[in-house]
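Following: one structure in structure tokens, then a few remarks.
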Amino acid sequence: MTDNEWIAAGWTSRQVRANGIELHVVEAGPGDGQPLILLHGFPEFWWAWRKQIQPLADAGFRVIVPDLRGYNLSEAPQGLASYDLDVLAADVVALAEALHVPRFNLVGHDWGGVIAWWVAARHAGHVEKLVILDAPHPDVWGAQALKHPTQALRSSYAMFFQLPWLPEAVFGSFDFAGLRTMMEGSAAPGAFEAGALDRYMQAWQRPGRFTAMLNYYRALRHRRSGGSARIAVPTRILWGGKDSFLEPHVARASLGQCEQGDLEILEDATHWLHLEQPERVTARILDHLQS
1 MTDNEWIAAG WTSRQVRANG IELHVVEAGP GDGQPLILLH GFPEFWWAWR KQIQPLADAG
61 FRVIVPDLRG YNLSEAPQGL ASYDLDVLAA DVVALAEALH VPRFNLVGHD WGGVIAWWVA
121 ARHAGHVEKL VILDAPHPDV WGAQALKHPT QALRSSYAMF FQLPWLPEAV FGSFDFAGLR
181 TMMEGSAAPG AFEAGALDRY MQAWQRPGRF TAMLNYYRAL RHRRSGGSAR IAVPTRILWG
241 GKDSFLEPHV ARASLGQCEQ GDLEILEDAT HWLHLEQPER VTARILDHLQ S
């Protein structure tokens with residue numbers, strides 16, 4: 001199945017030049033609707049939001065869903081510097097500018113949430129409202145791992161990803177069996193419908209993509225924080241109470257970075273809450289954006 005066969009009726013797919021690279025973008029909803037950018041996490045791609053795109057478009061939003069750089073049909077530049085958090089945030093702003101969108105709402109899950117935090121921190125003038133799903137604020141994750149040994153243990157995979165070539169070999173062999181196991185083992189039964197992981201695998205198998213995806217983690221060790229990363233825009237954090245990778249105290253610490261924020265923990269959801277409870281998650285997103 002090709003990527004275009006996953007595009008529902010009324011959605012469009014195109015390549016957009018932004019921040020010096022080609023980004024693949026899926027769009028839905030009225031062209032004059034309030035812009036809403038959805039950022040996927042690791043190891044998904046734009047299709048992560050398949051259960052949210054149409055309901056959000058039906059609510060009147062112009063829904064803009066890119067493949068992050070290095071993922072699926074977006075360009076995958078080489079080198080760790082290409083995956084610095086400042087660069088990733090600049091991609092979002094440049095994409096919006098290329099689409100003639102000066103201000104937008106922003107929703108991000110996992111790595112997309114980390115990037116969304118940083119866009120709101122460094123480019124607040126572009127962001128109307130922010131929704132974060134299971135993603136730590138960049139300035140709190142390290143401290144929380146140091147304070148809580150169980151969180152450090154849950155994050156050990158990120159340390160493994162720092163190694164050269166070995167993660168590619170371990171997770172990429174046998175049709176990405178290791179990555180499939182990690183996803184299914186951390187999700188509620190049925191979170192990934194039949195054939196879903198095969199679709200993800202098609203994106204992972206594109207040349208250079210899996211290394212690029214891992215470079216998001218590898219670039220973190222070179223990151224230097226500086227200046228205030230407080231979040232001034234209205235923010236809602238949604239968090240799976242059964243997240244295998246991130247404990248709730250990370251969400252509470254992230255909330256502490258917000259001047260106008262609220263946190264809702266979905267006790268019966270895992271890290272993949274947008275797939276497990278799509279109606280509930282979409283309703284909470286809309287409640288925040290429309291309030």
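The opening residue of the sequence shown carries number 1 in the UniProt record's numbering; numbering runs sequentially from there.
C-beta atoms are modelled at their ideal positions from N, C-alpha and C, and glycine is treated no differently.
Here the structure is a predicted model, which is why all the values come from computation and not from measurement.
Could you tell me the boundaries of the beta strand (DSSP E) in which residue i lies?
| i | result |
| --- | --- |
| E27 | I21 to A28 |
| V170 | Careful: V170 lies outside any beta strand (DSSP E), inside the alpha helix (DSSP H) at L166 to G185. |
How far does the alpha helix (DSSP H) with residue i in it reach, from first residue to last?
| i | result |
| --- | --- |
| residue 304 | Residue 304 is absent from the structure shown; the chain starts at 1 and stops at 291. |
| L273 | L273 to E276 |
| Q52 | Q52 -> no alpha helix (DSSP H), and no H or E assigned at all. |
Name the DSSP beta bridge partners of residue i, please?
| i | result |
| --- | --- |
| E264 | L238 |
| F61 | Q34 |
| N105 | L36 |
| I132 | G108 and I237 |
| I231 | C258 |
| V127 | F104 |
| S13 | V26 |
Helix, strand or coil: how does DSSP classify residue i here?
| i | result |
| --- | --- |
| A18 | strand |
| P66 | strand |
| S244 | coil |
| S82 | helix |
| I285 | helix |
| T211 | helix |
| T150 | helix |
| A188 | coil |
| D91 | helix |
| F160 | helix |
| A76 | coil |
| H137 | coil |
| L99 | coil |
| G113 | helix |
| E221 | A small correction: the amino acid at residue 221 is Arg; Glu does not occupy that position in the sequence shown. It is helical. |
| Q205 | coil |
| E193 | coil |
| E44 | coil |
| Y216 | helix |
| Y200 | helix |
| A8 | coil |
| A120 | helix |
Starting from the C-beta of residue i, find all residues in its chain whose C-beta is less than 7 Å away, skip the five residues before and the five after it, and write them out in chain order.
| i | result |
| --- | --- |
| R180 | L197 |
| F42 | D110, W111, M213 and Y216 |
| P167 | F160, F161 and L214 |
| A188 | T270 and E276 |
| H40 | W46, A48, W49, L68, H109 and G112 |
For residue i, I'd like the list of residues in its chain whose CB is within less than 8 Å of its CB, leaving aside the five on either flank, ordered along the chain.
| i | result |
| --- | --- |
| W118 | L85, D86, L88, A89, P138 and A229 |
| L95 | V16, A18, N19, L23, V25, I37, I64 and P66 |
| D32 | R62 |
| G195 | none |
| R223 | D84, L85 and P138 |
Looking only at its own chain, which residues have a Cβ that is under 6 Å from the Cβ of residue i, when we skip the five neighbours before and after it?
| i | result |
| --- | --- |
| V63 | A28, G29, L36, I53, L56 and A57 |
| M1 | Summary for M1: the model assigns pLDDT 44, below 50, so the residue's position carries little reliability, and this model does not support an answer. |
| I7 | S13 |
| Y83 | N215, Y216 and A219 |
| A59 | L286 |
| R236 | V131, D262 and H288 |
| G172 | F210 |
So, is the C-beta of residue i closer than 7 Å to a C-beta in chain E?
| i | result |
| --- | --- |
| I7 | The structure shown contains no chain E; it is built from a single protein chain. |
Are there three or more Cβ pairs, one per stretch, closer than 8 Å when the region 51-62 is compared with the region 73-88?
-> no
(request) Evaluate contact between the region 238-253 and the region 94-105, counting only Cβ atoms and requiring at least three cross-stretch pairs below 8 Å. (result) Touching, no.
Practice task
May I ask you to verify whether the region 253-262 touches the region 271-286, counting CB pairs closer than 8 Å and requiring at least 3?
Solution key: no
**Message:** Three Cβ pairs or more, each shorter than 8 Å: is that satisfied between the region 193-209 and the region 261-271?
**Reply:** no
Q | Contact between the region 57-76 and the region 14-28 (3+ Cβ pairs under 8 Å) | A | yes
- Query: Does the region 112-126 come within contact of the region 156-168, defined as at least 3 CB pairs closer than 8 Å?
  - Reply: no
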